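Numbering (my numbering), first residue to last: 2 to 562.
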């Protein structure tokens, strides 16, 4: 994964050298995402800058990727897992210039329209493709928004695009997130949604059964696809169900190289796993059990509350949000990424997305029926780009470590989400806890104490003292009087708690514009504060703390740490 930066709509008389220097300066702000190399493309209509983190074809594959005639210039942040299959399906000859998995996008553009080929890509991506002959730019983002992308216009009306907001926030007064699952065509000035799935509507899944074997095999294929790498990699292992399943499946494929169909031994055959927490945290203890069962080379790191507190300003600058839940969870992840980078690892698999697919959040216990359960799953998937995907991507990429998320693999989503939600619902009377169907599909893969461990939010699992300490620190920093006037200082989305106010204050130091604040969704970030969930249990409406422990009557795990 990398970063991209682009300026489009250049006019005669524009000083190309000055704009090139400006583009490099703005792109440099996100160079942490791609420390391996910088590439620049300039012509009379466009400037593209690419900061590369070399994962596939590290010796070649530098970007922007040019067609053999020089008419197409492509900058991509992401991975195309099915690039080999797509190359075989091409109907026209294309002279590939590199071994990059992303170059297939240029080939597909030559023979089809984006509305068609975007739905054939299985990967995580954000890209800008410049067609010099037509003076046309195509911008697109992956279906769920695993990879970040922002856009806006400078004071001269030129269109700008970047992987992170920090590259645009002081030059584009209208900076905004580019929406997931959409593509933009400059030739028609239209933004179009390309990702639409039948399973979004409950009527399409009602009564549909998915066997445990089909579910398990679909996930195994997803993990296998995402082991595509030519550099050292590992897995994030909190000891919870989701990360442990990712690690368990990855361990089965780790010894052979994915890029040549498993014909040769992997360049780094020992699977390494990584965990972090305060001393005595639930995650560190559970991760050790899982790692011993799976035989991974495990690295459990401890951090202190003071180290986390010291990192908060940098975390907020990197993750570009003031959302309470996201910042709580991003901080230990940010610290872990630094440890991972120091060990020479450049890619990790992570467990994001499972809770949104299977209803893993504890408030799903309150769902009254399968229809409402399913509708809430879809709502959660639509919001992932603002929360868990944003956290995982930006926390890791702050140190040049690429996160991949097999649960959000496009093909796996189609299998898991076509299942009638009644199979995913909690049934305490019959001993079925959250995500029981997923646990049942992987019986025998993990120790029972891991396979059937109750849900912990990541910010809880690293140690309950982390959240309690953050709240106490904010209490000391923000007075009652200041919080009471929050809506005067922050008219848009005013903070409701002292902790939220403290994060918003830090965010504003880096991103003072109104447009920047509007890139963060309005309202509470608490998972169970959605209108649907409040209808399930009115007590959720007054919950001011997004910790999993706050879901009264549901979280039953003994507190530890």
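Ideal Cβ placement from N, Cα and C applies to all residues, glycine included. Please read all numbers here as calculations on a predicted model, not as lab measurements.
- Message: With DSSP as the reference, identify every bridge partner of residue 15, one or two as the case may be.
- Response: Note: residue 15 sits in no beta bridge, so no partner.
- Message: Which complete alpha helix (DSSP H) runs does the stretch 76-106 hold, if anything under 4 residues is left out?
- Response: Complete alpha helix (DSSP H) runs here, min 4: 84-89.
- Task: Kindly indicate the opening and closing residues of the beta strand (DSSP E) around residue 274.
- Result: 273-278
- Item | Minimum C-alpha distance to residue 330 - residue among 394, 271, 358, 432 | 394
- Give me the Cβ distance between residue 243 and residue 374, rounded to the nearest whole Å; I'm assuming they're in contact under 8 Å. About 19 Å; that fails the 8 Å criterion.
- Provide the residue(s) that pair with residue 263 in DSSP beta bridges, ordered along the chain. Answer is none; residue 263 lacks a bridge partner.
- Item | residue 1 vs residue 420 beta-carbon contact at 8 Å | Because the chain here runs from 2 to 562, residue 1 falls outside it and cannot be looked at.
- Please determine if the stretch 72-83 and the stretch 130-137 are in contact, where contact requires at least 3 C-beta pairs separated by less than 8 Å. yes
- Item | Counterpart residues of residue 9 in DSSP-defined beta bridges | As DSSP reads the structure, residue 9 sits in a beta bridge with 47, 160.
- Task: Mind reading off the beta-carbon distance from residue 159 to residue 11? Whole number of angstroms is fine, and I expect it under 8 Å.
- Result: Yes, residue 159 and residue 11 are in contact; Cβ-Cβ is about 7 Å, under 8 Å.
- Task: Let me know the secondary structure DSSP gives residue 397 once reduced to three states.
- Result: helix
- Please confirm whether residue 315 and residue 123 have their CB atoms less than 8 Å apart. no
- What's the call for residue 553, buried or exposed, on a 16-neighbour Cβ count within 10 Å? Any answer about residue 553 is weak, because its pLDDT of 49 lies below 50 and its placement is not dependable; what the coordinates show is given next. With fewer than 16 other Cβ atoms within 10 Å, it is exposed.
- Query: Do you know how far the Cα of residue 179 is from the Cα of residue 322?
  - Reply: 15 Å
- Query: Going by Cα to Cα distance, which pick from 499, 440, 510, 448 is closest to residue 214?
  - Reply: 440
- Beta bridge counterpart(s) of residue 282 as assigned by DSSP: Residue 282 pairs with nothing; no bridge assigned.
- Task: Grab me the residues of residue 108's own chain with a C-beta within less than 6 Å of its C-beta, minus the 5 sequence neighbours each way, in chain order.
- Result: 91, 95
- Query: Cα separation between residue 288 and residue 385?
  - Reply: Each residue's CA atom was taken as its position, placing residue 288 and residue 385 some 25 Å apart.
- Rounded C-alpha distance that separates residue 140 from residue 39: Rounded to the nearest angstrom, the two C-alpha atoms are 20 Å apart.
- Query: Among residues of its own chain, excluding the 5 on either side of residue 310, which ones have a beta-carbon nearer than 8 Å to its beta-carbon?
  - Reply: 470, 471, 474
- Query: Considering only the beta carbon of each residue, do residue 519 and residue 502 sit closer than 8 Å?
  - Reply: no
- Segment limits, alpha helix (DSSP H) that includes residue 340: 325-343
- Of the residues 77, 297, 102, 97, which one's Cα is nearest the Cα of residue 35? Per the Cα distances, 77.
- Query: Counting pairs of beta carbons, one from the stretch 266-276 and one from the stretch 420-429, are three or more of them closer than 8 Å?
  - Reply: No, they do not touch.
- Item | Run of the alpha helix (DSSP H) containing residue 185, from where it starts to where it stops | Taken as a continuous stretch (DSSP letters only), residue 185 belongs to no alpha helix (DSSP H), being part of the beta strand (DSSP E) at 183-186.
- Cβ-Cβ distance between residue 81 and residue 126 below 8 Å: Contact flag set, yes.
- Message: With a threshold of 8 Å between beta-carbons, can residue 411 be considered close to chain D, or not?
- Response: No chain D appears in this structure, which consists of one protein chain only.
- Alpha-carbon to alpha-carbon, residue 364 and residue 498: 21 Å
- Boundaries of the beta strand (DSSP E) in which residue 1 is found, first to last residue: The question about residue 1 has no answer here: the residues shown for the chain are numbered 2 through 562.
- Would you call residue 344 buried or exposed, if buried means 16 or more other Cβ atoms sit within 10 Å of its Cβ? exposed
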